[in-house]
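In case it helps, the numbering used here puts the sequence shown at residues 6 to 311.
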Amino acid sequence: MTKQVWQRIGRLFEPNQQRDWLHSHAANPMPLVLADGRVRIYFNYRNTQNCAGVAWLDWQPDEEGLGKIIAIAETPVLLPGEAGSYDDSGISLGCITPVNHELWLYYIGWNLAVTVPWRNSIGIATGTLDGVFKRPKLAPVLDRHEHDPYSLSYPWVLRDANQKWHMWYGSTLTWGVNQGGMQHVLKYASSADGQLWQREGVVCLDLLPGEIALTRPCVCHDGHIWRMWYSIRTVTQYSIGYAESDDGIHWQRHDEYFSWQGNAEEWESFEQTYPCVFQYGKEWYMIYNGNHYGATGFGLAKLVLA
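As structure tokens, then:
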């Protein structure tokens, strides 16, 4: 792939208190294509305390454009943990991986701190399309560690044809003396079962000058090349980047391959972030957030040149 052009289709969903628990935001969208043609999109909402949980909506695509939202969950499917737990301050969706008849939801567990803003871990919850998600254990699957001493963020998990599990996740290298001094990169871990993970501190993607964080990776493998879309954060805004790899561990950034077609609307006027790429039929689509961490909802783009 030498160049990608993503055609903006428009905003797919705008949160406006459609449910009493959906006070604001629809962040970190994660689509699952269902057998009947629907797409279930899991996302993070925020409650009146600005605390994030997970809910879903069902979207029916069409060939003309945005399709339509046909259902919104009546209740959340995953709530923050109890006081004192690693995820008591909120949960941010990384990805959902189908495993046999279950869905495994990997997420950030938010835990607010004193000397720094937070000290986050990576957790797992399991469930089905018809029910809520439950934590199989009270502890995170990845916590602070010799190779990740400060804080972790958004995991993306894939299981390959050889039943090996791969995780790409964010790790803070330093907090610095102010926001501009933070350094947060993308790292790699592997597993035989999706719950016990081995990590050696491998940095997959590092920062370029002016960047303070790379976060929320989305990874696809076509049998030959591993492809990653991710969020790039500077002090002032977010944007979307792209990288490729031959082995899923060692990556080359190719942000220059990524481009948009069409003008940005007001809801994404100064930033695009938290991309999630998926295939529907023969076409490839991207769901992504716009301004303010998902406060303006999420939109849809279609790959028209690659």
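A virtual CB, placed ideally from N, CA and C, is assigned to each residue, including glycine.
Around the Cβ of Lys-73, a 10 Å sphere holds fewer than 16 other Cβ atoms; the residue is exposed. Annotation: Glu-271 to Glu-205 spans about 42 angstroms, alpha carbon to alpha carbon. Bounds of the beta strand (DSSP E) holding Cys-100 are 96-104.
Contact between Asn-105 and Leu-157 fails: their C-beta atoms lie close to 27 angstroms from each other, not under 8 angstroms. Three or more Cβ pairs drawn from the stretch 188-202 and the stretch 160-175 lie within less than 8 angstroms of each other, which places the two stretches in contact. Taking a contact to require three or more Cβ pairs closer than 8 angstroms, the stretch 289-308 and the stretch 248-258 do not qualify as touching. Within the same chain, Cβ atoms closer than 7 angstroms to the Cβ of Ala-32 are found at Phe-48, Asn-49, Tyr-279, Asn-294, Tyr-298 and Gly-299, the five residues on either side in sequence being excluded. With respect to the 8 angstroms criterion, Arg-43 and Ile-77 are not classified as neighbours on the basis of their beta carbons. Scanning the stretch 115-169 for uninterrupted beta strand (DSSP E) segments of 3 residues or longer gives 126-132 and 157-164, listed from N- to C-terminal end. Sorting Gly-136, Gly-286 and Arg-221 by C-alpha distance to the C-alpha of Tyr-111 places Arg-221 at the top.
If you draw a straight line from the Cα of Met-187 to the Cα of Cys-209, it comes to about 18 angstroms. Ranked by Cα distance from Lys-139, the options Phe-18, Tyr-235, Glu-151 and Glu-87 are led by Glu-87. Shortest Cα-Cα distance from Ser-176 to any of Tyr-159, Leu-163, Asp-165 and Val-182 involves Tyr-159. By DSSP's assignment, Phe-18 forms a beta bridge with Phe-303.
For the set Glu-19, Lys-8 and Leu-62, the Cα lying nearest the Cα of Thr-301 is the one of Glu-19. The continuous beta strand (DSSP E) containing Arg-51 extends over residues 44-51. A Cβ-Cβ separation of about 7 angstroms places Gly-246 in contact with Phe-263 under the 8 angstroms criterion. When DSSP states are grouped into helix, strand and coil, Gln-65 belongs to the strand group. Following the DSSP letters along the chain, one finds Ala-248 inside the beta strand (DSSP E) bounded by residues 243-250. Cβ-Cβ distances below 6 angstroms link Arg-238 to Ile-217 and Ala-218 in the same chain, with the five nearest sequence neighbours on each side left out; the list follows chain order. Between the alpha carbons of Glu-79 and His-229 lies a gap of roughly 41 angstroms.
Each residue's CA atom was taken as its position, placing Pro-66 and Leu-37 some 12 angstroms apart. In this structure, the beta-carbon distance from Ile-46 to Trp-26 does not fall below 8 angstroms. In the DSSP assignment, Leu-191 falls within the beta strand (DSSP E) that extends over 188-196.
Under the criterion of beta carbons closer than 8 angstroms, Leu-108 and Gly-132 qualify as touching, at roughly 6 angstroms. In this chain, the beta strand (DSSP E) harbouring Thr-278 covers 278-285. When the five nearest sequence neighbours on each side are left out, the beta carbons in the same chain lying within less than 7 angstroms of the beta carbon of Gln-12 are those of Gln-266, Gly-267, Ala-306, Lys-307 and Val-309, in order along the chain. Annotation: the continuous beta strand (DSSP E) that includes Cys-223 extends over 218-226. The beta carbon of Val-162 sits closer than 6 angstroms to those of Cys-100, Thr-102, Tyr-111 and Met-172, all from its chain and outside the five residues before and after it, given in chain order. Residue burial annotation: Leu-17 is buried, with at least 16 other C-beta atoms found within 10 angstroms of its C-beta.
Glu-288: member of the beta strand (DSSP E) spanning 288-294, first to last residue. In this structure Trp-234 is in contact with Val-282, their Cβ atoms being roughly 6 angstroms apart against a cut-off of 8 angstroms.
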